[in-house]
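Worksheet for the structure shown next.
Number of protein chains: 2
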Amino acid sequence: MSVLMPGLIHAGHDCTHGKMDHVCATCQVRELSICGALEPESLAAFERLSRTVEIDAKITLFTEGDRASHVFNVTRGVVRLYKMSPDGRRQIVGFALPGDFLGLALHESYGVSADAVTHVTVCKFVRTAFVSYLDEHPRLMRRLHEFASHELSLARDQMMLIGRHTAEERVAAFLFNLSERYQRIGESGVHIQLPMSRQDIADFLALTIETVSRTFSKLVKAKLIVIVPEGVRLLDSDGLHKLARVDV
Amino acid sequence: MSVLMPGLIHAGHDCTHGKMDHVCATCQVRELSICGALEPESLAAFERLSRTVEIDAKITLFTEGDRASHVFNVTRGVVRLYKMSPDGRRQIVGFALPGDFLGLALHESYGVSADAVTHVTVCKFVRTAFVSYLDEHPRLMRRLHEFASHELSLARDQMMLIGRHTAEERVAAFLFNLSERYQRIGESGVHIQLPMSRQDIADFLALTIETVSRTFSKLVKAKLIVIVPEGVRLLDSDGLHKLARVDV
DNA sequence: CGCGCCATTGACTCTGGTCAACGCTAGTGG
DNA sequence: CCACTAGCGTTGACCAGAGTCAATGGCGCG
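Just so you know, the sequences run in chain order A and B.
Position 66 of the first sequence, counted from 1, bears residue number 66 in my numbering, the numbering being contiguous throughout.
So the number in my numbering is just where the residue sits in the second sequence, counting from 1, plus 248.
Below, the structure is given as structure tokens:
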């Protein structure tokens with residue numbers, strides 16, 4: 001079942017202010033997220049469609065197969081997206097960071113499950129209302145399509161990574177990619193926060209927790225990274241990239 | 249480099265007629281493809297945007313990273329979409345069948361490479377013209393987005409398959425899924441054509457050619473399939489589905 | 001007929017999985 | 001204040017599923 005933390009709705013949950021609801025005008029990830037496609041004059045109306053919701057770590061936002069009542073825009077925190085096989089095997093298909101959108105498909109039902117890895121802040125939209133709004137705003141529709149296309153591209157890269165790369169290459173690529181994503185949202189690309197567990201990383205890279213752990217140790221020995229509380233520090237980003245053996 | 253077979257353009261290559269160009273009105277896969285979103289009165293204008301092109305087996309339509317000059321609608325034949333790593337490892341990310349669209353992302357450059365597995369017929373559009381047309385036809389844009397979402401969903405299923413399933417499960421799922429796709433486009437779901445080589449199947453399922461071959465043999469011994477010229481015949485579709493261990 | 005390509009099969013190897021022990025840290029409660 | 005526990009991560013020993021390497025077979029084609 002899908003358990004959505006109700007949060008404290010529509011009061012006191014702006015990213016930066018204390019007593020107002022989220023204000024798009026001051027949103028730190030607006031330009032990075034789908035909202036960046038909206039003209040300032042559309043923003044107010046769009047804003048009224050959403051509610052800002054706070055979600056505690058480990059809480060499930062939605063589950064694969066559930067009726068897709070809402071779509072979400074992540075503004076803070078990390079969300080894991082995954083699929084489960086009936087016998088309990090899990091494949092994490094992605095981690096959503098601030099600026100990422102959940103429910104791109106606009107389908108009647110969710111195609112994956114999602115739960116909060118950290119405490120998370122999202123802008124939550126009623127899906128049907130969101131879709132109606134899209135119909136009137138082709139630029140937003142176009143932006144959403146760009147996001148979906150980007151996700152498709154990431155998914156295909158991940159297929160390549162999982163299918164055709166060694167454990168070491170997968171872990172190196174994971175850290176390198178995460179570093180780049182953090183940089184794009186204005187965080188350090190060197191001190192990489194790893195809020196997700198080793199098990200999460202394993203299920204993302206299609207490895208076991210033991211292999212992930214051993215591979216981290218190997219990267220430490222090779223002086224490519226240092227393990228620090230809450231994450232890793234990249235010592236040799238280039239070396240990591242070489243090890244990943246992806247593209248160019 | 250991208251080698252696009254010029255084909256015999258704009259003459260004599262309709263799916264069903266001999267002397268006219270492709271006519272959408274008589275296209276067998278129109279309802280299944282993005283064109284199904286168009287009102288009959290838009291169809292004529294849309295049709296003028298495209299050229300019907302015939303492409304021989306093994307010819308490359310486009311290569312990852314190339315400037316995306318065109319987008320394509322497959323009307324006949326099978327196309328493989330893939331990524332290569334610099335050291336020659338290949339991951340096929342999908343097989344496009346009639347009704348499928350190539351270039352969903354509408355990006356400046358192609359995100360994957362594509363080549364014809366069989367002789368292929370496509371409706372070929374200049375990308376920029378196609379995008380302009382989209383801007384005027386929100387329903388088509390919406391349809392394209394649905395196609396992209398569907399592809400994303402398939403890519404994630406494939407991540408799960410490659411990452412968390414055994415060789416036997418992967419091959420069983422491959423045959424079962426192909427059977428369902430063939431049925432949807434009105435072909436037999438029992439006599440499954442396998443125009444792609446064992447190497448292609450291996451690169452799609454992230455296995456080796458030897459493992460694919462051995463697994464086929466195992467399925468034959470288990471009386472789930474029979475290998476016939478050009479493909480396989482499913483003897484026990486349910487058994488295959490059970491073996492695949494996907495979803496429900 | 002002989003060559004080349006693809007698929008199949010066998011023998012052996014190896015990467016990553018499994019199983020198990022241990023350590024570290026945070027939280028709990030006497 | 002510290003003993004106890006639970007959860008997570010690390011490490012080691014061993015195992016197995018799929019990969020590698022190699023031989024063989026079938027088929028189409030010049």
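Ideal placement from N, C-alpha and C gives every residue a C-beta, glycine not left out.
- Looking at the backbone, the Cα of V379(B) and that of L354(B) are separated by about 7 Å.
- R429(B) is outside the set of residues whose beta carbon lies under 8 Å from a beta carbon in chain A.
- Taking C-beta atoms under 8 Å as the contact rule, D100(A) and I59(A) fail to qualify, at a distance of about 17 Å.
- The count of Cβ pairs closer than 8 Å, one atom from the segment 206-222 of chain A and one from the segment 139-146 of chain A, stays below three, leaving the stretches out of contact.
- Below 8 Å, too few C-beta pairs join the segment 308-321 of chain B and the segment 416-429 of chain B to call them touching: fewer than three.
- As the crow flies, the alpha-carbon of V368(B) is around 18 Å from that of T274(B).
- Between L152(A) and L400(B) a beta carbon distance of about 5 Å is seen, short of the 8 Å cut, so the two are scored as contacting.
- If you draw a straight line from the Cα of E428(B) to the Cα of G437(B), it comes to about 6 Å.
- E417(B) is a Cβ neighbour of A492(B), given a cutoff of 8 Å.
- By the criterion of a C-beta distance shorter than 8 Å, R375(B) is surrounded in its chain by A316, S317, H318, V319, G351, L354, once the five residues flanking it on both sides are discounted.
- Contact check between the segment 181-201 of chain A and the segment 470-489 of chain B: fewer than three CB pairs, one atom from each, fall below 8 Å, which does not count as touching.
- For V226(A), the number of other beta carbons within 10 angstroms of its own is below 16, and it is reported as exposed.
- In the DSSP assignment, R337(B) falls outside any beta strand (DSSP E) and carries neither an H nor an E.
- Minimum Cα-Cα distance from Q431(B) among the listed residues A293(B), S485(B), L297(B), C371(B) corresponds to S485(B).
- Taking a 10 Å sphere around the C-beta of D157(A), we find 16 or more other C-beta atoms and assign the residue as buried.
- For the pair G111(A) and A155(A), the Cα-to-Cα distance works out to about 14 Å.
- In chain order, F125, V126, A129, F130, Y133 place their CB closer than 8 Å to the CB of L49(A), counting only its own chain and leaving out the 5 sequence neighbours on each side.
- For G186(A), the number of other beta carbons within 10 angstroms of its own is below 16, and it is reported as exposed.
- In the displayed model, C371(B) falls within a strand according to three-state DSSP.
- Annotation note: the segment 439-480 of chain B contains the following uninterrupted beta strand (DSSP E) runs of length 3 or greater, listed N- to C-terminal: 439-441, 473-476.
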